[in-house]
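**Q** Numbering (my numbering), first residue to last: 928 to 1232. A single structure is presented below for examination.
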């Protein structure tokens, strides 16, 4: 990139000419060259950019290999960061962010073994165990005549203990269940206002209700949690309530959860749709929208049971 050397006054004159619509062909070519070399705009929203002004005066311009990353933080957070800068002699917030990201990435890469989780712990145990078990079995099956009775007995003991340890690892992993979030009602509903209303109502009754805005999110929740009741809208952005209801009722682990449609579709229309579906896969009830809070009274039988 050729270095230019326009004075500040000359740059101001170019800006003025641009505003008057009287730019020379030479300056227009410089603008095109600047945009081609840097990937940045010379004019943005009908104003000459600061980057192009610096370019004209010969200041260093970063090319497109570097991109700006923006963050939006509260005023309180910004002031907190600013105090940290002053206390630790760091020049700018940008530098603080770069240092923080670098520190996090280094720690993440070098995190301790205990943070790897049980699945990685299982892998770390099973890898050498597979070798021990495999070699002992191989020798017993293929080289038994070449070893003494004492060695054969020792190898058999190693193999037997390996099998026991392997079974214990497998049982431990099978018995581990994801942490239940501890809510009683799962509401699958795409209207946020309805979610806020229903969750607030049940909170006033000392029950926790969790709302999700799509069918796929609801099914994902049910993989790790088993609420006492499911409230399900029929019209959702991805799956229909009829599809979700059938999936839940087909699942042996979930079919016993009381499921109620919460929908603005008329009861007659819902019943008509259900005639096409196996009765065993029907919901347990129907609550119409707009609803009265007394419509929820039937749910407390399940919540208190």
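Heads up, the beta-carbon is just placed ideally off N, CA and C, and yes, glycines get one too. It should be emphasised that the depicted structure is a prediction, and the values quoted were computed from it without experimental measurement.
#1: Of the residues 1171, 1167 and 1126, which one's Cα is nearest the Cα of residue 1146?
#2: Between 1213, 1085, 1079 and 1165, which lies nearest to residue 1198 when the distance is taken from Cα to Cα?
#3: Skipping 5 residues on each side, what residues in its chain have a beta carbon closer than 7 Å to that of residue 1225?
#4: From the DSSP output, in three-state form, read off residue 1126 for me.
#5: Is residue 1203 near the ligand ADP, judged by its Cβ being under 7 Å from some heavy atom?
#6: What would DSSP say about residue 928, mapped onto helix, strand or coil?
#7: Terminal residues of the continuous alpha helix (DSSP H) containing residue 1177?
#8: Ends of the beta strand (DSSP E) at residue 1234?
#9: Alpha carbons only, please: which of 1056, 944 and 1067 is nearest the one belonging to residue 1088?
#10: Would you be able to state if there are at least three C-beta pairs under 8 Å between the region 1172 to 1184 and the region 1194 to 1209?
#11: Considering residue 1114, what are the terminal residues of the beta strand (DSSP E) in which it resides?
#12: Where does the unbroken beta strand (DSSP E) through residue 966 begin, and where does it stop?
**A** Reading from the atomic positions:
#1: Within the chain shown, residue 1146 is the residue found at index 219, counting from 1. Among 1171, 1167 and 1126, the Cα nearest to that of residue 1146 is on 1171.
#2: Against the chain shown, residue 1198 aligns to sequence position 271. Cα-wise, what sits closest to residue 1198 is 1213.
#3: Here the question's residue 1225 lines up with position 298 in the chain shown. Answer for residue 1225: 1212, listed in chain order.
#4: Taking the chain shown and counting its residues from 1, the one referred to as residue 1126 is at position 199. Of the three classes helix, strand and coil, the one that applies to residue 1126 here is helix, per DSSP.
#5: In the structure on display, the ligand ADP does not appear, and there are no ligands present to speak of.
#6: Position 1 of the chain shown, counted from the first residue, corresponds to residue 928. Unreliable placement is indicated for residue 928, whose pLDDT of 48 sits below 50; the coordinate value is still reported in the next sentence. Coil.
#7: What you label residue 1177 is simply residue 250 of the chain shown in a count that begins at 1. That run of the alpha helix (DSSP H) goes 1168 to 1177.
#8: Outside the shown range of the chain (928 to 1232) lies residue 1234, about which nothing can therefore be said.
#9: By one-based count along the chain shown, residue 1088 stands at place 161. Of the listed residues, the one whose Cα sits closest to residue 1088 is 1056.
#10: yes
#11: Within the chain shown, residue 1114 is the residue found at index 187, counting from 1. Where residue 1114 is concerned, the enclosing beta strand (DSSP E) stretches over 1112 to 1115.
#12: By one-based count along the chain shown, residue 966 stands at place 39. That residue, residue 966, is in no beta strand (DSSP E); it is neither H nor E in DSSP.
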